[in-house]
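> Quick note on numbering: the sequence shown equals residues 19 to 266 in the working numbering. For each residue, glycine too, the CB sits at the ideal point set by N, CA and C. Take a look at the following structure, please.
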Amino acid sequence: MTQFAESPMAGRTQWDRDAALTTARILLEIKAINFRPEDPYTLTSGWKSPVYIDCRKIIFFPRARTKIMELAVEKIGRHIGYESIDAVVGGETAGIPFAAWIADRMMTPMAYVRKKPKGFGRNAQIEGDVPEGMRTLLVEDLTTDGASKIRFANALRDAGAIVNHTFVVFFYGVFPGAHKTLADMDISLHSLCTWWDVLEACAGGDYFSEKDSAEVRRFLEDPCGWSKKHGGVSSAEEALALKAKAEA
19 MTQFAESPMA
29 GRTQWDRDAA
39 LTTARILLEI
49 KAINFRPEDP
59 YTLTSGWKSP
69 VYIDCRKIIF
79 FPRARTKIME
89 LAVEKIGRHI
99 GYESIDAVVG
109 GETAGIPFAA
119 WIADRMMTPM
129 AYVRKKPKGF
139 GRNAQIEGDV
149 PEGMRTLLVE
159 DLTTDGASKI
169 RFANALRDAG
179 AIVNHTFVVF
189 FYGVFPGAHK
199 TLADMDISLH
209 SLCTWWDVLE
219 ACAGGDYFSE
229 KDSAEVRRFL
239 EDPCGWSKKH
249 GGVSSAEEAL
259 ALKAKAEA
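Shown next as structure tokens:
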């Protein structure tokens, strides 16, 4: 049975839409958007995708990262509230620079959390002073189905921190269950941009051919079916099971 993606567009304000398109255009300009339908990308969660986003490219371009971080901080203020955050925590590794830039602009403490304890010295999983009861914002570069955020959130909660929000620059916005996966853990997902925004930003441009754009749309409209057809997982449950097995 076809599983259609949940809509990431619900509840968006005009500011959200404008920020999303601005972010999408920047990502296209710095060539962070990759397209390869003939040899699909395998995402960490096991999904197959004809498109791939490399948010690490943002680090290299000063003007791009400055604008995106300005939008990120504005989004956090609008949707979470600065007064609701005591510290910003980056997820190893890609989330660390984004967390640092956000914390700097918000004038809040910053820490980072590893995927697992480092195995020597203090055997720490969290670097930074995160006392019990501290309200933290978990930051990463992107998320596909939300599964990777669970491990980081659990580590922070085990240390006594409060984690009710996570922010990413880019949310795939196509795979089913992402918001529910996090909502079941009482975590709200916030993002600047999705693949739907990228597709809209491409309209009228020469980023993709008409054929390529049509293939992207087929993927966005039925990501589970597209992934299964190309040898990837076909459900959120399968993706979670695969990730749990890999981390065991």
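Whole angstroms is fine: what's the gap from TRP213's alpha carbon to ALA196's?
14 Å
> Beta-carbon within less than 8 Å of PHE226's beta-carbon, same chain only, minus the 5 sequence neighbours each way: which residues are those?
PHE53, CYS220, VAL234
> Any idea if ASP176 is buried or exposed, counting beta-carbon neighbours within 10 angstroms, 16 or more meaning buried?
Counting of Cβ neighbours within 10 angstroms places ASP176 among the exposed residues, the total staying below 16.
> Would you tell me roughly how many angstroms separate the C-alpha atoms of ASP34 and LEU210, rounded to the nearest one?
Between the alpha carbons of ASP34 and LEU210 lies a gap of roughly 7 Å.
> Could you round the C-beta distance between ILE180 and MET152 to whole angstroms and report it? I think they count as a contact, below 8 Å.
7 Å
> Helix, strand or coil, according to DSSP, for TYR190 in the structure here?
coil
> Compute the Euclidean distance between the alpha carbons of ASN172 and ASP36, then round it to the nearest angstrom.
33 Å
> Could you tell me which residues DSSP pairs with MET128 in its beta bridges?
VAL106
> Just reading off the alpha helix (DSSP H) that SER207 is part of, what are its end residues?
Here the sequence assigns Leu to residue 207, which means Ser is not the residue at that position. Where LEU207 is concerned, there is no enclosing alpha helix (DSSP H), although the beta strand (DSSP E) it sits in stretches over 206-211.
> With a threshold of 16 other CB atoms inside 10 Å of the CB of LYS93, please say whether the residue is buried or exposed.
buried
> Please report the straight-line C-alpha distance between CYS242 and THR161, rounded to a whole angstrom.
16 Å
> The alpha helix (DSSP H) that contains ASP176, what's its start and end?
165-176
> Could you work out which residue in ALA118, SER166, GLY99, ARG123 is closest to ALA257 when comparing CA atoms only?
The shortest C-alpha separation from ALA257 is found at SER166.
> According to DSSP, is ILE180 helix, strand or coil?
strand
> Excluding sequence positions up to five away, which residues of its chain have a Cβ less than 7 Å from the Cβ of GLY223?
none
> Out of PHE185, ASP240, ARG83, ILE144, point me to the one whose CA is closest to ARG43's CA.
ARG83
> With a CB to CB cut of under 7 Å and the five nearest residues on each side skipped, what residues in its chain are close to MET89?
In the sequence on display, residue 89 carries Leu and not Met. Once the five neighbours on either side are set aside, the close Cβ partners of LEU89 are ALA37, THR40, THR41, LEU210.
> On the premise that GLY109 lies in contact with VAL131, defined as a C-beta separation below 8 Å, what is that separation, rounded to the nearest angstrom?
6 Å
> To test your reading of the DSSP string, which unbroken beta strand (DSSP E) runs of 3 or more residues are found completely within the region 47-76?
Runs of beta strand (DSSP E) with 3 or more residues, each lying fully within the region 47-76, are found at 51-53, 69-71, listed in chain order.
> Tell me the residue span of the alpha helix (DSSP H) that contains THR199.
196-201
> Anyone know if the C-beta pair for LEU238 and VAL192 falls short of 9 Å?
yes
> Might you give, ordered along the chain, the residues of its own chain that have their beta carbon closer than 7 Å to the beta carbon of GLU150, omitting 5 neighbours on each side?
GLY178
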